[in-house]
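Each residue of the sequence shown is one higher than the last, beginning at 98 in the working numbering.
Where a beta carbon is used, it is the ideal one built from N, C-alpha and C, also for glycine.
Shown next, in structure tokens, is the structure this report addresses.
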Amino acid sequence: MIRVDGVLVSRGEGGVYGERMLGDLRVWDPYRSKLSALYHFGKGIDLEPGMRVLYLGAANGTTVSHVADYAEVVYAVEFAPRPVQDLLEVARRRCNIVPIMADAAQPEQYAALLEPVDLIYQDVAQPDQATIALRNCAFLKRGGTLILMLKTRSVDVRSEPIVVFCDAVSELGSAGLVVRDSTWLAPYHHDHAAIICAKERTTA
């Protein structure tokens, strides 16, 4: 990961979402990207040049573009037609982004397009977020990492965020993933928690 005077940046063509530039480096805004917020807390895993990433909930491609600046290839899954239009434009300018219009809750729709990945990054606003992550872990290499950005209010607006968080951690752990770390993303993103899991090499 690249930092300039403590500011997280990525090296790639700018102008994706009006981001600030430092020379040829793009400032990765933690208020616009939950993954950037996670890195600002000193959490997460470093993105490396050889990585293959499955990105669930790609939206307009804001964070996808930064991930693609670091990784070898990003499979970017988004369901909503309007954001997909923006995502396609981002992918046009970055040849290592593979845009996929599909429902992340139905990974069989895009299974034929994927190869085993090193990282699954999920940022979807659906009630069954942990279940969606587990379904997609079929594509995750043993020893790989899952980063689930849990939108607690999208899971259950009536429950306290901490309750939703604990339920998600329990579901992931019960399925055989190892929860390595977690953190709340305030003040950058309220009622959002990042859960970082590993798919153990011995996990079935």
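- In this model, Pro-213 and Arg-149 are separated by some 8 Å (Cα to Cα).
- In terms of Cβ geometry, Asp-253 and Val-266 do not form a close pair [threshold 9 Å].
- For Ser-256, no beta strand (DSSP E) encloses it, and the DSSP letter there is neither H nor E.
- For Glu-116, same chain residues with a beta-carbon under 7 Å away, outside a window of 5 residues either side, are Arg-123, Val-124 and Asp-126 in chain order.
- When the alpha-carbon of Thr-280 is set against those of Lys-140, Ser-133 and Arg-108, the nearest one is in Lys-140.
- Secondary structure of Gly-240 (DSSP, three-state): strand.
- With respect to the 9 Å criterion, Arg-179 and Ala-202 are not classified as neighbours on the basis of their beta carbons.
- In this chain, the beta strand (DSSP E) harbouring Asp-278 covers 275–281.
- Rounded to whole angstroms, Ala-134 and Tyr-285 show a C-alpha spacing of 6 Å.
- In this model, Pro-196 and Gly-154 are separated by some 11 Å (Cα to Cα).
- Per DSSP, the unbroken alpha helix (DSSP H) holding Val-187 starts and ends at 178–190.
- According to the DSSP assignment, Gln-203 belongs to no alpha helix (DSSP H), since it is labelled neither H nor E.
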